[in-house]
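Protein sequence lines, in the order shown, are assigned to chains H and U. Counting from 1, one number per residue, gives the positions in the first sequence under this note's numbering. Counting from 1001, one number per residue, gives the positions in the second sequence under this note's numbering. Backbone N, C-alpha and C fix where the C-beta goes; we use that ideal spot for every residue, glycine too. Given the structure is predicted, the values throughout are model-derived calculations rather than measurements. Shown next, in structure tokens, is the structure this report addresses.
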Amino acid sequence: MEPWEKLNALHLDALKEIGNIGAGNAATALASMLGSRIQMTVPRAGVLPLQEITALVGYEEDPVACVEFSVSGPAPSKIFFLLSEPSAYLLIDLLLGKPQGTTRELDEMGSSVLTELGNILTGSFLNAFAEFCRLEFKPTVPAFAFDMLGAVLSSAFLEGGYFSDRALVIETKFYSEAITISGHFFLIPENEALGKILQSLGLQLD
Amino acid sequence: MEAVIKPEEVKVGIAEWQVARGPWRLVTLGLGSCVGIALYDPTSQIGGLAHIMLPDSSQFQDRGNRAKFADLALPDMLAEMLRRGARRSMLAAKIAGGAQMFTSGDRHLSLLNIGQRNTAMVRQTLQELGVPIIGADTGGNYGRTMIFDLLNGDVHIRTIGRPVKII
């Protein structure tokens, strides 16, 4: 039996709260980089098959940029930060101080800008998460891909060494009304991490 | 971009396989390090398409979904094709996918080489089953969609930013 089969509504609410606190901090970091208000949706948490995780973001063939991190420490997890193609290009323009609409395809410079952005936002996410749970997280070097959503998400799991076809995901969507940006944060605690995270919040799995 | 599944198309999801007969088409979207395997008997127009995630089931305890593993999905799909009337001696395979999608400064990721290992196990399993591979588009660092036309056995490979390729 997978540990996530013991999750109840209270546990899921606690995990959503982690998503809320982590993504809230990341959204604040992004807002201060861009000088624009960034909003986020209420996080969702649940155990989903890969195909449904894809459906949370869009269609399998939609082009997306994805920065992937493995997080080590007492609660090993994965973090994926995804951006739609138009959002990725717009963010490259804004962060490089170019007029909007300049970037029309992804080059090496653009890939590094997005990887670095992922680095900063993931750092903010993890800091808030760590402080809230009193756990220590160490993210690995980021990995980057820009391609079809289906190919990118499945490979983020497989190439990151996560081999189940279901995962416990905590998902937050962030967006802005002033500038057209839409992105997703996924936190995927590995099996042994789940109990540790809940325990740190005073909850037990059994 | 909206992925349009036309009425005459059957979608094959990740860690699934499907068998159908012409004039249907079998479609699997967004293969990254996964591998898609199209088996076809031109005399009966029976074809099967599998979307496998992992090479070798013997390394895992949880084998609840057999279609996830190359070594289990292919014999299962082949058996279903024969049951529906495909002729074993006429079968040939076309394969696509097995990419390495992510680049990183961290060597650990590329050491896993999951795409290459998937492709190698698919080749080995097809050889054990006695099915020749007559077309392949594998490796690289980009995603692929396979559209398998059961009227003629053509497999169209769709990518982002490259012309459609037929194998």
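*In terms of residue numbering, what span does the alpha helix (DSSP H) encompassing R1123 of chain U cover?*
Per DSSP, R1123 of chain U is one residue of the alpha helix (DSSP H) stretching across 1114-1129.
_Let me confirm a value: Q1018 of chain U is counted as buried when at least 16 other C-beta atoms fall within 10 Å, else exposed. Which label applies?_
Buried is the call here.
*When DSSP labels each residue in this structure, what does E17 of chain H get in the three-state scheme?*
In the three-state DSSP reduction, E17 of chain H falls in the helix class (H, G or I).
*Should T1125 of chain U and G1097 of chain U be called a contact, given that it needs their Cβ atoms to be closer than 8 Å?*
Contact flag unset, no.
*What distance in whole Å lies between the Cβ atoms of G1030 of chain U and M1077 of chain U, which are believed to be in contact at a cut-off of 8 Å?*
So it is not a contact: roughly 20 Å between Cβ atoms.
*Residues of the stretch 1056-1076 of chain U with a CB closer than 8 Å to any CB of chain H: list them in chain order, please.*
Cβ contacts with chain H come from F1060, D1062, N1065, K1068.
*How about D147 of chain H and I1160 of chain U: are their beta carbons less than 8 Å apart?*
At a Cβ-Cβ threshold of 8 Å, D147 of chain H and I1160 of chain U count as neighbours.
*How big is the Cα-Cα spacing for S84 of chain H and G1130 of chain U?*
In a straight line, the C-alpha of S84 of chain H is about 43 Å away from that of G1130 of chain U.
*Pairwise C-alpha distance: R44 of chain H and I53 of chain H*: Spanning the alpha carbons of I53 of chain H and R44 of chain H requires a straight line of approximately 11 Å.
*Terminal residues of the continuous alpha helix (DSSP H) containing K196 of chain H?*
Start and end: 191-200.
*DSSP puts Q39 of chain H in a beta bridge; with which residues?*
For Q39 of chain H, the beta-bridge partners assigned by DSSP are H:Y175.
*Distance between beta carbons of G1115 of chain U and A1092 of chain U, contact taken as under 8 Å*: So it is not a contact: roughly 23 Å between Cβ atoms.
*At a Cβ cut of 9 Å, what residues of the stretch 144-173 of chain H count as close to chain U, listed as they run along the chain?*
The residues in question are F144, A145, F146, D147, M148, L149, G150, A151, V152, L153, S154, S155, A156, F157, L158, E159, G160, G161, F163, S164, D165.
*asked:* Is V64 of chain H close to chain U? Criterion is C-beta to C-beta, closer than 8 Å.
replied: For V64 of chain H, the answer is no, since every Cβ of chain U falls outside 8 Å of its Cβ.
*Are L1026 of chain U and L1150 of chain U touching if we call contact CB-CB under 8 Å?*
Taking 8 Å as the Cβ cut-off, L1026 of chain U and L1150 of chain U qualify as a contacting pair.
*May I ask you to list, following chain order, the residues of the stretch 37-60 of chain H that have a beta carbon less than 7 Å from some beta carbon of chain U?*
Against chain U - using a Cβ distance shorter than 7 Å - the residues of the stretch 37-60 of chain H are L50, Q51, Y59, E60.
*Name, in chain order, the residues that DSSP records as bridge partners for C66 of chain H.*
Per DSSP, H:L82, H:A145.
_Cβ-based neighbour list, F1060 of chain U, same chain, cut-off 8 Å, excluding 5 preceding and 5 following_ = Only L1054, F1069 meet the Cβ criterion.
*Identify whether V1148 of chain U lies in helix, strand or coil by the three-state DSSP scheme.*
Looking at the sequence shown, residue 1148 of chain U is not Val but Phe. Three-state DSSP puts F1148 of chain U in a strand.
*In angstroms with no decimal places, state the Cα-to-Cα distance between A1094 of chain U and E17 of chain H.*
Per the sequence shown, the amino acid found at residue 1094 of chain U is Lys instead of Ala. So the two alpha carbons sit approximately 47 Å from each other.
_Cutting at 6 Å between CB atoms, please list the residues of its own chain near D1154 of chain U, excluding the five before and the five after it._
In chain order, I1166 place their CB closer than 6 Å to the CB of D1154 of chain U, counting only its own chain and leaving out the 5 sequence neighbours on each side.
*asked:* Looking at the strands, I want to know which residues DSSP matches up with D206 of chain H.
replied: Under the DSSP definition of a beta bridge, D206 of chain H lacks any partner.
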